[in-house]
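J.: Residue numbers (the numbering used here): 12 to 359. Here's a structure for you.
Rendered as structure tokens:
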């Protein structure tokens, strides 16, 4: 079976700042097994993970496969182990080999779509295990649906499973503007959680407030923690959903209630954080959170459907072409997006 996809290659593109490159081309895919579904991809979305891969900063990089972990599409071949029929619009679960254990996947088994041996989603078709597809909520447009899987799953687990956020809680979400942070904001607001955000962009903070946040601070401001404490008005944070591990981390303890939880799904600001005495003395938990299980993916999609949440899309590129893939990667690397970056595959 021949498919067209954005393939990860070793040779850097001319003038590219990355040691790895992506080439849009046709390639041979294995014939699907009985328990695999074939999905005609309508649209896919980029994540910062693709940038880390291109920069050579992601573990176990294997060249020669399609990149991308987000997709919405139509079932072209039904899997023998699934009730989802041909013609159904579906979302593809981005995590592989993690069924339902809330603690995490089995050792050395977990993978994410978009790096071999797993298939990638920035392609016109993807062959995937029948258990990894979920019917797509009808209220989502094609672009909104493509934006949901990876960031939505990561946010859902980080906010509800790891941070244990509940209605009435006060929660800080760092780095608003990125896909995971925006989903965490949307999920928290519809759940009756009081949300505060950080960003170096006043425009992004203002947008977050329009979308339901109580307030926000510039994490580059030396007075950021003091200003956030004033915004809390005598309340304390029960949880922090953090994807950065940045400068404010050292001041989290003074903002948190005893027994609070820091749910960390990334450390984009550096290689690590300090778990200091004022955190453990105050019974504050630091919990790592990576993606989520297949069961949590289904829970997240059901949550989005119940609350009619519409993912925030920053920019859409129409057509699986080299020009569009390069432009989408460039746009994401500039860091000015507010929401997800989507590539429409199906131009019909």
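Backbone N, C-alpha and C define an ideal beta-carbon position, used for all residues, glycine too. Just so it is clear, the structure is predicted and the values come from calculations on it, not from any experiment.
Once the 5 residues before and after residue 109 are set aside, which same chain residues still bring their CB inside 6 Å of it?
T.: Here the set comprises 116, 121, 304.
J.: Among all the DSSP beta bridges, which residues are the ones paired with residue 38?
T.: 14.
J.: Give me whichever residues DSSP pairs with residue 181 in a beta bridge.
T.: Per DSSP, 205.
J.: Quick one: what's got a C-beta closer than 6 Å to residue 84's C-beta in the same chain, skipping five residues either side?
T.: Cβ within range, chain order: 50, 51, 52, 53.
J.: So what's residue 87 in DSSP terms, helix, strand or just coil?
T.: In the structure shown, residue 87 sits in a strand (DSSP, three-state: E or B).
J.: Taking the DSSP output, what are the residues bridged to residue 189?
T.: Answer is 187, bridged to residue 189.
J.: Answer with buried or exposed for residue 126, where buried requires no fewer than 16 other C-beta atoms within 10 angstroms of its C-beta.
T.: Burial call: buried.
J.: Report all residues from its chain with a CB closer than 8 Å to the CB of residue 238; omit the five preceding and five following residues, and keep chain order.
T.: If we look at residue 238 and ignore the five residues flanking it on each side, its Cβ neighbours are 228, 232.
J.: Excluding the 5 residues preceding and the 5 following residue 159 in the sequence, name in chain order all residues of the same chain whose CB lies nearer than 6 Å to its CB.
T.: Contacts found: 322.
J.: Is residue 68 buried or exposed, if buried means 16 or more other CB atoms sit within 10 Å of its CB?
T.: Residue 68 comes out exposed.
J.: Could you tell me whether the Cβ atoms of residue 273 and residue 289 are closer together than 8 Å?
T.: No, the Cβ-Cβ distance between residue 273 and residue 289 is not below 8 Å.
J.: State the start and end residues of the unbroken alpha helix (DSSP H) segment that holds residue 333.
T.: Unbroken alpha helix (DSSP H) run through residue 333: 333-345.
J.: Expressed to the nearest angstrom, what Euclidean distance is found between the alpha-carbon atoms of residue 191 and residue 149?
T.: Rounded to the nearest angstrom, the two C-alpha atoms are 22 Å apart.
J.: Among residues of its own chain, excluding the 5 on either side of residue 269, which ones have a beta-carbon nearer than 7 Å to its beta-carbon?
T.: The answer, listed in chain order, is 293, 294.
J.: If I follow the unbroken beta strand (DSSP E) through residue 47, where does it start and stop?
T.: Where residue 47 is concerned, the enclosing beta strand (DSSP E) stretches over 47-57.
J.: Counting beta carbon pairs with one atom in the segment 129-147 and one in the segment 89-102, are three or more of them shorter than 8 Å?
T.: Cβ pair count under 8 Å is three or more, so yes.
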